[in-house]
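Colleague: Residue numbers (this note's numbering): 3 to 154.
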Amino acid sequence: MKPRHRRFAWIAAGLAVLGVAVALVLNAFQSNLVFFFSPTDIVENRAPQGRTFRIGGLVEEKSVKRDGVVVRFNVTDTAKTIPVVYTGILPDLFKEGKGVVAQGKLGSDGVFTASEVLAKHDENYMPPEAAAAVNRANIDATEKRAAQTLAK
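1) Give the straight-line distance between the Cα atoms of GLY109 and GLY52, rounded to the nearest whole angstrom.
2) When DSSP labels each residue in this structure, what does THR78 get in the three-state scheme?
3) Residue range of the beta strand (DSSP E) that ARG56 falls in?
4) Check the C-beta distance from VAL77 over to VAL86 and give it rounded, since I have them as a contact under 8 Å.
5) Consider the C-beta atom of THR80 and the heavy atoms of the ligand ATP; say whether any pair is separated by less than 7 Å.
6) Measure the C-alpha to C-alpha separation of ALA135 and PRO93 and round it to an integer number of angstroms.
7) Between the Cα of ALA133 and the Cα atoms of LYS67, LEU60, ARG147, VAL19, which residue gives the shortest distance?
8) Could you give the DSSP three-state label for GLN32: helix, strand or coil?
9) Consult DSSP for LEU26 and reduce its assignment to one of helix, strand or coil.
10) To the nearest angstrom, how far is it from the Cα of VAL113 to the Cα of ILE44?
11) Return the bridge partner residues of LYS67 from the DSSP annotation.
12) For GLU118, which of helix, strand or coil comes out of DSSP?
13) Distance check for VAL36 and ALA49, CA to CA, integer angstroms please.
14) Got a sec? Which residues, its chain only, sit under 8 Å from ALA81 by beta carbon, not counting five neighbours each side?
15) Is ALA14 buried or exposed, if buried means 16 or more other CB atoms sit within 10 Å of its CB?
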């Protein structure tokens, strides 16, 4: 084999190894990518079925039901509500009426099965995505009420 051909073979092998490494990194990134959805997004079927994602909003008042380590509660963005089931110990800051982000999967029955629950940090903190979803839902509800009032 001529030195020129050998050099091209090494370059081709290096590019192949680089291509495989890039493919593995992108595959790992894709499988660990978790998207955020509000309860309104989930009700409007914008959330993936059978894939892990995050839901965020407020824990609905008087919706927390405990049965040992199984906790059932509702997450709302003030427009729509999604039931959530979580098995495990909740964070100390988890309370009704406060912000929450849960990661898990949506079942075919419409119940979100959480594998992780995150509570807010302090009195004024809410995840930006959850705050935007709550604000968007409030604006939509206000616009809907105004349109109904004008229609009368």
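Quick reminder that beta carbons are idealized off the backbone N, C-alpha and C, glycines included.
Modeller: Working from what's here:
1) 7 Å
2) strand
3) 55 to 61
4) 5 Å
5) Although the ligand ATP was asked about, the structure shown includes no ligands whatsoever.
6) 22 Å
7) LEU60
8) helix
9) helix
10) 11 Å
11) ARG74
12) strand
13) 11 Å
14) PRO41, THR42, ALA139, ASN140, ASP142, ALA143
15) exposed
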